[in-house]
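Numbering (this note's numbering), first residue to last: 463 to 702.
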């Protein structure tokens with residue numbers, strides 16, 4: 463039944479690879495060809511989420527640490543790659559929900575060889591995602607960060623809870639704000655944790671699609687730390 467549906471959709475709405483634009487008829491509903499997917503480079507180095515200085519294992523540098531709640535940032539791919547930009551664009555703004563699989567697979571490829579060094583295990587680690595306000599969630603139909611986080615947590619059998627954080631206000635999307643200070647102000651005090659029992663003493667892996675200034679992740683980390691988390695590490699597909 464699924465194959466028949468794909469044939470009908472391909473006939474009415476032909477799919478082309480987001481990277482190279484080749485015809486994707488018969489590619490099982492994918493929106494990116496296998497060649498473009500394989501050619502997306504996985505990042506090797508780590509940088510401070512706030513100043514961009516090289517760091518060890520994504521930790522926030524000593525100069526920025528005292529002013530922020532986020533403990534580290536892991537970035538799977540470079541936003542400069544055309545295929546990465548296209549994946550994010552069609553996932554977030556064209557609402558192609560199935561792209562969550564491609565994106566989370568790339569994030570899994572990044573983190574798998576680093577799990578031991580990062581000290582992630584299923585006893586102390588808890589996976590969650592940056593939440594959407596209910597109004598925006600209803601408009602989009604899904605939280606892209608939560609879809610990614612579910613796939614990643616299931617892949618490694620990590621504990622997850624997507625009710626930890628609540629977004630209290632619907633403000634201008636961060637992507638629409640260019641000024642760094644305005645971005646920081648835009649997310650101040652808009653995240654909260656209502657059930658703190660699951661958070662106390664936990665290390666949190668906080669998933670989002672993209673990071674620019676780190677302000678959204680930092681605001682979430684502040685709420686999680688106030689609720690009792692001992693460490694919050696952000697993990698994003700790309701950094702803009």
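Virtual Cβ for every residue (Gly too), placed ideally from N, Cα, C.
What are the uninterrupted segments assigned as beta strand (DSSP E) that are 3 or more residues long and contained completely in the stretch 642 to 698, given in chain order?
653 to 655 and 665 to 673
Is the beta carbon of residue 658 closer than 8 Å to that of residue 689?
Yes.
In terms of residue numbering, what span does the beta strand (DSSP E) encompassing residue 539 cover?
534 to 540 is the extent of the beta strand (DSSP E) around residue 539.
Residue 682 and residue 627: beta carbons closer than 8 Å?
yes
For the alpha helix (DSSP H) that residue 546 lies in, which residues bound it at each end?
544 to 554
DSSP beta-bridge partners for residue 622?
589
Give me, in chain order, the residues of the same chain whose beta-carbon lies closer than 8 Å to that of residue 685; leave out the 5 immediate sequence neighbours on both sides.
627, 653, 654 and 655
State the start and end residues of the unbroken alpha helix (DSSP H) segment that holds residue 602.
596 to 602
According to DSSP, what are the bridge partners of residue 478?
485
Hey, how far is the Cα of residue 534 from the Cα of residue 479?
33 Å
Bridge partners of residue 627, per DSSP?
655
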